[in-house]
Each structure stands twice: as C-alpha cells, then as structure tokens.
Amino acid sequence: MIRTMLQLLGRGRGRLITSHLIFSVIGLLFRAAGIVLLVPLVAALFSEDPASAWPWLGMLALATVIGWFVDAAVARRAYDLGFGLLDTGQRTVAERISSIRLGWFNAENTSTTRQAVAATGPDLVGVIIYLVTPLIGAVLLPVFIGIGLLPIAWQLGIVALIGVPLLLGAYFLSGKFSRNADRAAEVANVSLTERIIQFARTQQALRAARRVEHERSLTGAALDAQHGATMRLLLLQIPGQIIFGIVSQLMLILLAGMTVVLAVRGELTVPQAIALIVVIVRYLESFTMLAQLSPGVEATTGTLRRIREVLDAPMVSVGTETLSPAAAGSAPRIEFQGVRFAYSTAASSGQGHSAQESNARAAASAASSDSTVESARVLDNFNLTLEPGTTTAIVGPSGSGKSTILALLAGLHEPTAGRIYIDDVDLATLTPEARRELVSVVFQQPYLFDGSVRENILVGSPEAAADAVAGAATLARVDTLAARLPDGMDARVGEAGSSLSGGERQRVSIARALLKPAPVLLVDEATSALDTENEVAVSAALTDDPISRTRVIVAHRLSSIRNADRVVFIDRGQIIEDGTIEELFAAEGRFASFWNQQHAASAWQLAKSAHSNDRYSSDSQ
C-alpha cells in the first residue's frame, strides 16, 4: 500500500511526504500532552490550593492551540499530497497501460485495469487526509499517551504501551478473518458488473433467442455467486469483531483495575484516579477509531492492490536505438531471423491476432495437461525478408500465424526467440517513439472513437494538414461516405463507431492508416467488410498511396492482393510457398488449391490466359 502510494506520488514529493509525517507526529505529541495534562490539572483543582490549577490549565490551552496550528499544517500537506495523487496517479497508470504487453490483458486483468484507472480519480484525493492521517493518529496517539503516563504512574504507562501491540494485533487478526472473504466478494462483484454489462450489450441476440430472463443467463449465476460471497463476508466479519471487542474490553478492565489498585495503595489520589480513567477512555478511543477506519482501509488497500497489479504488469521492452532520418523517411527492408512466438494460454484474444489464431491457442491449451505453463506456439524458426517498397501478401488457412506476423511487426507482441530487423536495426532495440512512428496498421476489426469522422482520421497523424486528410479520405472512399452524412466529415461516429456500418468503419480506419506517414503499412483483412466495388477501390488505394512504404497485407480475397509484388503462403507458422500470384497459380500447389476452396462459393474461376492479368476472374466483376 505504502509503496504503491509513493510510486503514484512520484519522486518529486519526498519533502512533502516527510514534512507531513513530521507535522503529524508533532501534532500527536501535543494532543497526547493535552490528554495527559488532565491528570495534574484535576489533581490541582481538588487540592487544598485550587488556584494551583491555573498553570496546568494554561499549559493545556497552549498544547491545544499549538495542536490546532499543527493540525492545520498537516491538513494542508495532506491535501497537497492528495491532489498529487490525482495529478500524477492517473498519468502514471495511463502511461503504464500503454506499455503493458497485450498478452496480459485477459478478461480479469482488463477489469482490474478499468477499476485501477477509475480509482486514480477524485476519490483518491481524500485518501491522505481522511484515511492515512487518521490512521497514523490512531496508531501513534496511544503510544504517546503511554509514554506520557510514565512520569505520573509508571505501572499504567507500561501497561498502556504493552496494550498497543496487543490491540493492533487483535485488529489485524480480525481483519485477516474477513480479508480472503472480502477479496472473494470483490471478485464476485467485478464478475457481476461484467456480466450485467454483457447482458445489456447482448440484448439483441438474447431477445432473438428468447433468452431475456436474467435468471437463466450468466448474469443470474453471477448474481448467485455475488450473494453467496457477500454472505460469507458478513459471517466472517463476526469472529473478527468479537476478538477485537474482547481485547478492547480486557484492556479497559486491566487499566481501570490498575488505577484502582494504585489508588487503594495511596500511590494515586482520588482526583488523579478519576482523571486517569478519562485518559484511559481517550487511550481506547484511538482503537475504536481504528476499527471505524477498517472498512476504508480495506477498500483503499483493495484499490491500491489493483493499481499495483497494473504497475507490476509485464512491460514491453524499451530500447534506446532510433532509425536514421533517411531510413525513417523511406520504405525499409524487413527481415525475420529465426523468429519464434507462442501465445500464453492465459492471454486474451482479439488484440493483434485473429479469432482463428485464438482458437488455435485454445486448442493447444485443451491438449495440454498444464494449461498454466503450456503455450500455443504459432511461429517456429520463421525466416522472411521483405524488400524496401514492396507489397507482400500473406495468405494461409485460419490459425496459420498471419495476423501474428503483423502483430510482431507492429510491436504489439515480442518474439519469444529470434530477431526482427528494420534496415539492419533490431526492432526490439528501438525506442517506443521510433516503433510508433515506424508502423501504420489497419486492423481486421477497427475501433473508432466517439468523435467525428475527421477526428478519427486525424488519430493517424494529429498534426496533418487539411489537404492531407482530404487526400487520405479520398483514397479510402471516406469522401463518399461523408457526403451522405448530415454533417459530413464532422459527423459523429458514436462509441466504437456504432453509427456506421462495418464497411464504413473500415474505410475510416484505412484513411487513418494512410494519413500516418509511417514507412511500414500493415493491413489485416482490411477489405473483409467492404462490398466488391469499394473493395477494389480501396485495394487500389492501398497501392496507389503516394507515401513510400513497405506493405504487408493479410487477405482472404484475391482482389485484395492482386497488385501484390509477392505472395507468401504459410501454414502452421512455416512458409510453404513463395512467389508472385502467377507463379503460385502455375505451380498448382497449396496456394492454388487453397484459393479454389476459399472462393468456390463466390463463383471464383481460374481462367487460363496468356496474359497474367487475366489469370483470375469473378462473375461479379
């Protein structure tokens, strides 16, 4: 908890943290002094000379006033630290998320990340002043009271000091009973939240299937699990409360009994004994406050634990190399050397790889006797060289590793073994900025942000000029789309592009990729959601792009790769055939057989012709 908060606060606030702790200790010393001063004050008040109580009253007033000023200084520093958490915490978590390896983002970790980001908001501002500062007081004030009692009644002071670890031990023991149940309840609550969101998003499919009753859905099971976890949490809190209550009552009896014994022996006067009873009550009040803070401590601990999980997530390696200005502005040579890659079976699907490859990984997991250790190997000793400025099409059956190759080039994943070289520079040694500037990607399932069409295109290059945006929009046929929208390029697309069709979203994402002046363009089934007319137009746009690039295209349609300089057919992570489209058709090998099977339903026919451009045709063309 402390380590996480220090990391979120950053190194620049070390002095502020130190001063907050120092002022907190000083304030508690004066508060303890004010409490202990009640003993001589009451004793003097009931003595033969009641006027002798005035000096003690003055010291009590002075300690109280100084304590007020010190507490104000503590509060000011606590607020500064709280706003420091808000200021740097969100940036720290956001920056870390952008550098975490994508394989870490399974369903559970994604939910943890979402909660971690939400926790670094305004709720974290009050943690220092409303939780940490009172917590310090609840722990240290009884210690200072015990020390203050030593000159008055050393026996009581020793008992009070011994009671501090006993009461704190009872407090932590009581929390231990419910801690595991609390985490189980937290997991159940998170699962319920995810299921409710899923239940709401899938209403169309559920209603079509006449499955709208939540009791019969996964949401119902999550509700039952959450109910059971909550009941266990409540039941396990009872033993902890009983233990802490018994120890507190025993300490009260012990301290009060010791006071009575000392009074009977004549070591304390009756007024002193009465005042000490008040001091004992104030002593125990700190532990009562600690118990009241317990829910907040547990909640904050859970929040910081989730933040810590994000901060400790595996990171993408960070290099220090950059491409030379000449190399960065021109199409590079790309070389895979002995590349091996395996998806962890715990990794999530949908990020940087196709659903088919996710199925392959799931199959590997099912075949393994230890799914937590085994992983689905996609590429093994893979070697491929892409010449500068060429367009290479990668073709193969589902799960063969096509999208994985693009993900490795894009830096979304890192090779398990081997190297990828960009103009003889190891991709893994490049800085994050150099990697981002190197590659532009068109994903199979694009994501659009809740903004205008223009804003979504500008994501590719926020500083791009208006004519560059218009040129990219024209190449991707977004201009015809904008012409149909009421607000044109300023029309909002909705969350995830919900206001557009699948093909329209894809065209916007292609324009976004073309706008980015990256020397490497990766296209993963970019035209799968387009009709035939737009598919041909966009495929031509990808090759007519005026920017010098090395292009790698994954496609299942021949029209998408008809302008490719080279076709690489892969299966199970290995290159099976390599050549031009005409050469591979002429060889009548795996590529030709695969293509005939893929397009038989679409009336694709291979036509023998003396001209290479007539080697393929379709009834729809």
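UniProt numbering applies: residue 1 is where the sequence shown begins, and numbers increase by one. The beta-carbon is built from N, C-alpha and C at its ideal position, and this holds for glycine as well.
Host alpha helix (DSSP H) of residue i (start-end)
| i | result |
| --- | --- |
| L406 | K402 to L409 |
| G418 | Not the alpha helix (DSSP H): G418 falls in the beta strand (DSSP E), residues A417 to I422. |
| S24 | G14 to V36 |
| V93 | A53 to I97 |
| L9 | I2 to L9 |
| R512 | G502 to L515 |
| V125 | From DSSP, V125 is part of no alpha helix (DSSP H); its letter is neither H nor E. |
| I100 | I100 -> no alpha helix (DSSP H), and no H or E assigned at all. |
Sequence-distant residues of the same chain with beta carbon closer than 6 angstroms to residue i, five excluded per side
| i | result |
| --- | --- |
| G67 | G27, F30 and R31 |
| K402 | I394, G396 and V554 |
| H353 | Its pLDDT being 44, under 50, H353 is placed unreliably by the model, and nothing is read from it. |
| S348 | Because the pLDDT at S348 is just 40, under 50, the model does not fix this residue reliably, and the point stays unresolved. |
| V552 | T392 and L522 |
| E335 | T385 and Y421 |
| T92 | L8 |
| A511 | I457, A472, A473, A476 and V478 |
| V459 | R512 |
| F46 | P271 |
| G10 | T88 |
| R13 | G84 |
| residue 633 | A question about residue 633 goes unanswered here, because the residues of the chain that appear run from 1 up to 621. |
| R419 | Q337 and D426 |
| F443 | D524 |
Proximal residues to residue i (C-beta, below 7 angstroms), its chain only, five neighbours per side dropped
| i | result |
| --- | --- |
| T543 | T391 and N563 |
| V425 | E321 and L323 |
| N383 | F336, Q337 and G338 |
| L16 | R77, D80 and L81 |
| L57 | L41 |
| I570 | I394, G396, S400, G401, K402 and I576 |
| E504 | L481 |
| A119 | T303, R306 and I307 |
| G169 | none |
| D423 | L323, A327, P332 and R333 |
| T550 | A331, P332, I334, L386, P388, G389, T390, P519 and V520 |
| I547 | P517 |
Boundaries of the beta strand (DSSP E) in which residue i is found, first to last residue
| i | result |
| --- | --- |
| T391 | T391 to V395 |
| V523 | V520 to D524 |
| R113 | Before going further, note that residue 113 is Thr rather than Arg in the sequence given. Run containing T113: none in the beta strand (DSSP E); it sits in the alpha helix (DSSP H), A107 to A119. |
| T133 | Per DSSP, T133 belongs to no beta strand (DSSP E); it is in the alpha helix (DSSP H), T133 to L149. |
| V316 | Per DSSP, V316 belongs to no beta strand (DSSP E) and is neither H nor E. |
| I553 | T550 to V554 |
Residues sharing a beta bridge with residue i, DSSP
| i | result |
| --- | --- |
| Y283 | In the DSSP output, where bridge partners are listed per residue, Y283 has none listed. |
| E335 | T385 and Y421 |
| T303 | Paired residue(s): none; T303 is not in a bridge. |
| L440 | Looking at the sequence provided, one finds Ser at residue 440 rather than Leu. In DSSP, S440 forms a bridge with L521. |
| R484 | None, per the DSSP bridge assignment. |
| L430 | E321 |
| R492 | S452 |
CA nearest to the CA of residue i, picked from the options
| i | options | result |
| --- | --- | --- |
| L21 | S47, I97, T133 and E95 | T133 |
| Q272 | L156, D380 and S174 | L156 |
| L85 | A94, F23 and V125 | V125 |
| L141 | F172, R305 and T288 | T288 |
| F164 | S52, A417 and L250 | In the sequence as displayed, the identity of residue 164 is Val instead of Phe. Looking at the Cα atoms, L250 is the closest of the given residues. |
| L150 | V441, V39 and A119 | V39 |
| E535 | V279, H556 and A434 | H556 |
| P446 | R507, G175, V65 and G589 | R507 |
| S509 | T18, D524 and V520 | D524 |
| A44 | I274, T431 and E437 | I274 |
| L173 | A470, I547, I242 and S548 | I242 |
| S498 | L448, M258, R484 and E455 | L448 |
| A256 | A153, G103 and S593 | A153 |
| V65 | L254, R265, A51 and G34 | G34 |
| I100 | V318, Y343, L252 and G245 | V318 |
| I280 | G573, L166 and I145 | I145 |
| Y343 | A61, L430 and P415 | P415 |
| S286 | Y171, E437, D380 and V139 | V139 |
Contacting residues, own chain, Cβ-Cβ under 8 angstroms from residue i (five flanking each side not counted)
| i | result |
| --- | --- |
| G451 | R492 and V493 |
| A482 | V453, A473, G488, M489 and A491 |
| R96 | V310, L311, A313 and M315 |
| D370 | The pLDDT assigned to D370 is 36, lower than 50, so where the model puts this residue is not dependable; a value taken from the coordinates is nonetheless given after this. Here the set comprises nothing. |
| A410 | G352, V439, V441 and L522 |
| L6 | I17 |
Let me know the beta strand (DSSP E) ranges lying completely inside the stretch 451-478, each 3 residues or longer, listed in chain order.
-> none
In chain order, which beta strand (DSSP E) runs of at least 3 residues are fully inside the stretch 556-581?
-> 566-571 and 574-579
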